[in-house]
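K.L.:
Protein sequence lines, in the order shown, are assigned to chains A, B, C, D, E, F and G. Sequential numbering from 1 applies to the first sequence in the working numbering. Sequential numbering from 1 applies to the second sequence in the working numbering. Sequential numbering from 1 applies to the third sequence in the working numbering. Sequential numbering from 1 applies to the fourth sequence in the working numbering. Sequential numbering from 1 applies to the fifth sequence in the working numbering. Sequential numbering from 1 applies to the sixth sequence in the working numbering. Sequential numbering from 1 applies to the seventh sequence in the working numbering. So that we are looking at the same thing, I have put the structure below in structure tokens.
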Amino acid sequence: MSDIPTYTEAFDELQSIVSEIEQGEISVDELSEKVKRAALLIKICKQKLTSTEEDVDRILRELDTTTNENDAQQNGS
Amino acid sequence: MSDIPTYTEAFDELQSIVSEIEQGEISVDELSEKVKRAALLIKICKQKLTSTEEDVDRILRELDTTTNENDAQQNGS
Amino acid sequence: MSDIPTYTEAFDELQSIVSEIEQGEISVDELSEKVKRAALLIKICKQKLTSTEEDVDRILRELDTTTNENDAQQNGS
Amino acid sequence: MSDIPTYTEAFDELQSIVSEIEQGEISVDELSEKVKRAALLIKICKQKLTSTEEDVDRILRELDTTTNENDAQQNGS
Amino acid sequence: MSDIPTYTEAFDELQSIVSEIEQGEISVDELSEKVKRAALLIKICKQKLTSTEEDVDRILRELDTTTNENDAQQNGS
Amino acid sequence: MSDIPTYTEAFDELQSIVSEIEQGEISVDELSEKVKRAALLIKICKQKLTSTEEDVDRILRELDTTTNENDAQQNGS
Amino acid sequence: MKESIILSFTENTALTCARLSKILTMPEIVNDKTVFTLLEVTKSIQKTLAERYKSAYWVKAEMNKLNYYSHSGHCYPELVEKANGKVIAQIKSILWKDDYINVNNNFLNVLKEPLKDGIKILFLAKISFDPAYGLSLRIIDIDPSYTLGDLEKEKQETIKRLKSEGIFNRNKLLQIPMLPKRIAIISVETSKGYADFLKVLETNSWNYKFFHLLYPSLLQGDRATVSIKNQLKRIKKVREHFDVVAIIRGGGGDIGLSCYNNYELAREIALFPIPVITGIGHVTNETVVEMISFSNAITPTKIAEYLLQKFHNFSVPVQKAEEKIRDKSRRLISDEKTKFGSEIKLFRSVTENILIGNRNQIKENINSLVQQTTFRFKNEKEYLRFGREEIKRGTFKFCAAEKQEINGFALIMKKDVISQIIQSKTALNNMEKNIENMSPQSVLKRGYSITMSNGKAIKSTENLKEGDALETIVYEGRIFSLVKSSIKTIE
Chain A
1 MSDIPTYTEA FDELQSIVSE IEQGEISVDE LSEKVKRAAL LIKICKQKLT STEEDVDRIL
61 RELDTTTNEN DAQQNGS
Chain B
1 MSDIPTYTEA FDELQSIVSE IEQGEISVDE LSEKVKRAAL LIKICKQKLT STEEDVDRIL
61 RELDTTTNEN DAQQNGS
Chain C
1 MSDIPTYTEA FDELQSIVSE IEQGEISVDE LSEKVKRAAL LIKICKQKLT STEEDVDRIL
61 RELDTTTNEN DAQQNGS
Chain D
1 MSDIPTYTEA FDELQSIVSE IEQGEISVDE LSEKVKRAAL LIKICKQKLT STEEDVDRIL
61 RELDTTTNEN DAQQNGS
Chain E
1 MSDIPTYTEA FDELQSIVSE IEQGEISVDE LSEKVKRAAL LIKICKQKLT STEEDVDRIL
61 RELDTTTNEN DAQQNGS
Chain F
1 MSDIPTYTEA FDELQSIVSE IEQGEISVDE LSEKVKRAAL LIKICKQKLT STEEDVDRIL
61 RELDTTTNEN DAQQNGS
Chain G
1 MKESIILSFT ENTALTCARL SKILTMPEIV NDKTVFTLLE VTKSIQKTLA ERYKSAYWVK
61 AEMNKLNYYS HSGHCYPELV EKANGKVIAQ IKSILWKDDY INVNNNFLNV LKEPLKDGIK
121 ILFLAKISFD PAYGLSLRII DIDPSYTLGD LEKEKQETIK RLKSEGIFNR NKLLQIPMLP
181 KRIAIISVET SKGYADFLKV LETNSWNYKF FHLLYPSLLQ GDRATVSIKN QLKRIKKVRE
241 HFDVVAIIRG GGGDIGLSCY NNYELAREIA LFPIPVITGI GHVTNETVVE MISFSNAITP
301 TKIAEYLLQK FHNFSVPVQK AEEKIRDKSR RLISDEKTKF GSEIKLFRSV TENILIGNRN
361 QIKENINSLV QQTTFRFKNE KEYLRFGREE IKRGTFKFCA AEKQEINGFA LIMKKDVISQ
421 IIQSKTALNN MEKNIENMSP QSVLKRGYSI TMSNGKAIKS TENLKEGDAL ETIVYEGRIF
481 SLVKSSIKTI E
């Protein structure tokens, strides 16, 4: 698990953990490990969401600024 | 019995003791020993539960806080 | 007969004495001796039962107290 | 015949005397001797019975009392 | 993607991205990629619009001046 | 379009550009090119309206070389 | 030759000869020949003709030449009659100054044409013969309406011919350039029409620039036809330099325009390679040239205005095009900006929506996680509590059952022991009673007695003899006796 999973992977795994917990398929012994994992997955998902949101914000903010002085970047695109 | 049993082991043993007691399969001589064992198992289970609960609580609490300021940990995940 | 018999031994012996008595297999000569023995066994059994009950009560009471403040003993279990 | 016979010996002898007498095997000559003997045996038996009864009564009375208030004697058993 | 797309291509692609996103057909993983792409497209469109506007303005301004004093260029026509 | 169009061609082309632009058939990509072209065409047309290119001397010279016969009648008018 | 013409002109040759011979009554005889002087002869002719042709006659003929002499004011028209192109009759004529003025005025009034060469005329004439000048017709009057009809006929013929040749519309069908700015002007430099034309063209307030070159020409009267044709020919040679030919006449009144009905001229114009526009400036019927020209304006000013209109027709769309290009291109950009802007807005909102959706999903999962774990812990604790209770209950129940059983044992034991003792007691008592019953004492009490001999109880009569001493024991004592006799009772 050294690679950061994709959002989809993380979300699917999260859901399956939640579902396992719901169906009581997880023993108490595993539970905190699973919850820890779920927390990590949630964190990953949230970070991904946040970063995407930031990306969008940044893009739209940049849009406002760059369009006022976009000559320099024009070639770089 | 030097090893601490897992919650599941403890729980299963507890269940079988309870079942034995319920069905009167235990002699009086063993009984207090069994009860003592059961008590130990209950204690183990409760401790395990409590610590797990605390873990889970902490994790989920952390989750709330970290997701609001998760930039630093983003690389560490 | 210096050793205190177990509950089971006591109970079995008691049962056989009672059975002998029931079937009139005991002569008058032995009778008071047997009755004396039976009384002793009854006492033993009852004491064992009582002490078992007390044990169980105590154990479970202890359990209640320890599980409410079980942090210190957590390692000792 | 210096020893006091047991209840059982006494009762058996008594029975055999009665049986002899009933079957008329005893001559009138011996009869009174036998009757005398029987009377002795009866006395012996009766005494034994009485003492046994007293013993048993005592033991059972003790049993009743101890089982109802057996806390004090619990340690002494 | 080495070629800079035309405004029309860029706008169409942008529209199709928006439409995909609108229809929820995109996972969060793709989303950030799409958002990044959209950013590029938006920048291209904006630059193209701006440069077109400037060009057009310049041309029309030039037109104003030349048509008022077009004697010099008369031979070139 | 390396050749400078005649004013008639210019006029026609201008009309077709106007028609295209009116019907919104011109994309942003083409716009500045089209406007540039239109500006050129307008310039050509306008210049044509206000310029004269014919050279009287030349015409008369051409006329002389070809028409020596009809001088007599010319004077008689 | 001259005579033959004259003769041929007379109506009745035979009659004329007879008269001539009558006139020559006093001849000189020379060498047997009767010789007349010329004067005699001519006088005779004069006399004869005067007698013969006393009145004036209406004659129709072609007037080839008017032969107007401006210093005298008289005219000597050349009259001919043609058939199939050949002159079949010819005569001199005289139109005296006063008559000429009169006739010419009539012509101008009716035909809008002066009296001129090459027209057919119906004239009132007297035949006159002058010895010095010979035979001639003195024209007294000319009927202009005849000539009018003839001119009209010529005009119609010209039209018909042009049409039959298929060239009537030829010039009209030409394309005039959008900007007819290079104009070959056929006019008279000093004419008012020309001046008006140039003034309108050159002082236009839109600064339209025209190029024009004057080709001077007569514009009315017979000679105009040739003059115009010549200039047209010149223009044709440099036609690349021109967009249009303008024939401009102005200020000349309505006189002398029949030249414009001339077939040759009309044909030249019809076939001219560039459009010819006319501004001949008159109020009478349209001439053929005007009909077949590319465009006809009533006055030179109108031609100029026509040309300016063409410029307008070009300039206005260009102006409009410029405005449209300005408006539309800016509109297009601003529309596109709006569209682009709303697309970006949409982009933001859809991405935000999808992100919110995903956040909610995550939140749901978190909630579910919290709920489920909490529930789970509660359940487990519940079970542990239940287990504890169950253990307590189970053990106490078990212990109670055991106690019950043990108490049962005690009771059983107590009951059985007591009953055993009672039974034993009963048995003993029974035995005691039996023994008591069977004891000798009891038997004796009921009346039995024991008889003994020698200390032994007697059971039979054997061994017993008379006199043996007997001891009989009864309940309350002993009896001592002797035997008397004995009887055996049991065999």
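For every residue, glycine included, the Cβ atom is placed at its ideal position computed from N, Cα and C.
Who are the Cβ neighbours of E466/G in its own chain at under 7 angstroms, not counting the five residues just before and after it?
P.N.:
So the qualifying residues of the chain are V483, K484, S485.
K.L.:
Between the C-alpha atoms of S258/G and K233/G, what's the straight-line distance to the nearest angstrom?
P.N.:
Straight-line Cα distance between these residues: approximately 21 angstroms.
K.L.:
Give, in chain order, every residue of the segment 40–56 of chain F whose Cβ lies closer than 7 angstroms to some Cβ of chain G.
P.N.:
For the segment 40–56 of chain F, which is checked against every Cβ of chain G, the residues closer than 7 angstroms are I42, C45, K46, K48, L49, T50, S51, T52, E54, V56.
K.L.:
Near K48/E, what residues of its chain come up, given a Cβ to Cβ distance below 6 angstroms and the 5 sequence neighbours on each side ignored?
P.N.:
If we look at K48/E and ignore the five residues flanking it on each side, its Cβ neighbours are Y7.
K.L.:
Keeping to the same chain, check which residues put their C-beta closer than 8 angstroms to that of L155/A; ignore five residues upstream and five downstream.
P.N.:
Look at the range of chain A in this structure, 1 to 77, and you will see that residue 155/A is not part of it.
K.L.:
Would the segment 184–197 of chain G count as touching the segment 143–163 of chain G if we require 3 or more Cβ pairs under 8 angstroms?
P.N.:
Touching, no.
K.L.:
Could you check the C-alpha separation between L40/C and Q23/A for me, to the nearest Å?
P.N.:
Whole-angstrom Cα-Cα distance: 56 angstroms.
K.L.:
Pull up the DSSP beta-bridge partners for T147/G, would you.
P.N.:
None, per the DSSP bridge assignment.
K.L.:
Tell whether a beta-carbon distance below 8 angstroms holds between V28/E and T52/A.
P.N.:
Against a cut-off of 8 angstroms, the Cβ pair of T52/A and V28/E comes out as a contact.
K.L.:
Straight-line CA distance for I183/G to D243/G?
P.N.:
Their backbone Cα atoms lie some 6 angstroms apart in a straight line.
K.L.:
Taking all protein chains shown into account, decide if R267/G is buried (16 or more other Cβ within 10 angstroms of its Cβ) or exposed.
P.N.:
R267/G should be labelled buried.
K.L.:
In whole angstroms, what separates the C-alpha of F340/G from that of Q361/G?
P.N.:
Taking the straight line joining both Cα atoms gives about 31 angstroms.
K.L.:
For K116/G versus D196/G, is the C-beta spacing smaller than 8 angstroms?
P.N.:
Cβ distance not < 8 angstroms, so K116/G and D196/G don't count as in contact.
K.L.:
Exposed or buried, M1/E, counting other C-beta atoms within 10 Å across all chains shown (16 or more means buried)?
P.N.:
The pLDDT assigned to M1/E is 46, lower than 50, so where the model puts this residue is not dependable, and the model offers no usable value.
K.L.:
Where L66/G and E157/G are concerned, what is the direct C-alpha to C-alpha distance, given to the nearest angstrom?
P.N.:
L66/G and E157/G: Cα-Cα distance of roughly 23 angstroms.
K.L.:
Against chain F, which members of the segment 184–209 of chain G pass a CB distance test of less than 7 angstroms?
P.N.:
Listed in sequence order: N207, Y208, K209.
K.L.:
Closest to E9/E by CA distance: which of K43/E, T65/E, D64/E is it?
P.N.:
Per the Cα distances, K43/E.
K.L.:
So is S136/G buried or exposed if we call it buried at 16+ other beta carbons inside 10 Å?
P.N.:
It counts as buried.
K.L.:
State the beta-bridge partners of G134/G as determined by DSSP.
P.N.:
DSSP lists D130/G as partners of G134/G.
K.L.:
How many whole angstroms separate the CB atoms of L124/G and A56/G, which I take to be in contact at a CB cut-off of 8 angstroms?
P.N.:
Yes, they are in contact, since the Cβ atoms of L124/G and A56/G sit about 5 angstroms apart, within 8 angstroms.
K.L.:
Between the alpha carbons of I45/G and F129/G, how many angstroms are there, rounded?
P.N.:
For I45/G and F129/G, the distance between alpha carbons rounds to 7 angstroms.
K.L.:
For V110/G, I'd like the list of residues in its chain whose CB is within less than 7 angstroms of its CB, leaving aside the five on either flank, ordered along the chain.
P.N.:
The residues are P144, S145, L148.
K.L.:
How long is the line joining the alpha carbons of V35/E and V18/E, rounded to whole angstroms?
P.N.:
Each residue's alpha carbon lies about 9 angstroms from the other.
K.L.:
Looking at the C-beta of T373/G, does it have a partner C-beta in chain A at a distance below 8 angstroms?
P.N.:
Closer than 8 angstroms: yes.
K.L.:
Please decide whether L214/G counts as near chain E, where near means a Cβ-Cβ distance under 8 angstroms.
P.N.:
Output row for L214/G: interface = no.
K.L.:
Interface residues of chain G around I26/E at Cβ under 8 angstroms?
P.N.:
By Cβ distance, chain G contributes I354.
K.L.:
Which residues in chain G have a C-beta closer than 8 angstroms to the C-beta of I21/B? List them in chain order.
P.N.:
Within chain G, the residues near I21/B are E390, I391, G394, T395, F398.
K.L.:
Less than 8 angstroms separating the beta-carbons of I248/G and S187/G?
P.N.:
A contact, by the Cβ cut-off of 8 angstroms.
K.L.:
Is there at least one Cβ from chain E nearer than 8 angstroms to R326/G's Cβ?
P.N.:
Taking Cβ atoms only, chain E reaches closer than 8 angstroms to R326/G, which makes this a yes.
K.L.:
List the endpoints of the continuous beta strand (DSSP E) containing Y7/E.
P.N.:
Where Y7/E is concerned, there is no enclosing beta strand (DSSP E), although the alpha helix (DSSP H) it sits in stretches over 7–22.
K.L.:
V35/E versus chain A: which residues are under 8 angstroms apart at the beta carbon?
P.N.:
Those within 8 angstroms of V35/E in chain A are T52, D55, V56, I59.
K.L.:
Is N360/G close to chain A? Criterion is C-beta to C-beta, closer than 8 angstroms.
P.N.:
So no, N360/G is outside the interface.
K.L.:
Could you pull out every unbroken alpha helix (DSSP H) segment of at least 4 residues lying fully inside the segment 16–60 of chain F, listed in chain order?
P.N.:
For the segment 16–60 of chain F, whole alpha helix (DSSP H) runs of length 4 or above, ordered along the chain, are 28–50.
K.L.:
Between M63/G and I119/G, is the Cβ-Cβ spacing less than 8 angstroms?
P.N.:
Cβ atoms of M63/G and I119/G: closer than 8 angstroms.
K.L.:
Give a yes or no on whether the minimum CB-CB distance between E9/F and chain G is below 8 angstroms.
P.N.:
With 8 angstroms as the cut-off, E9/F does not count as an interface residue toward chain G.
K.L.:
What residues in the segment 470–486 of chain G have a beta carbon less than 8 angstroms from any beta carbon of chain D?
P.N.:
Result list empty, no residue passes.
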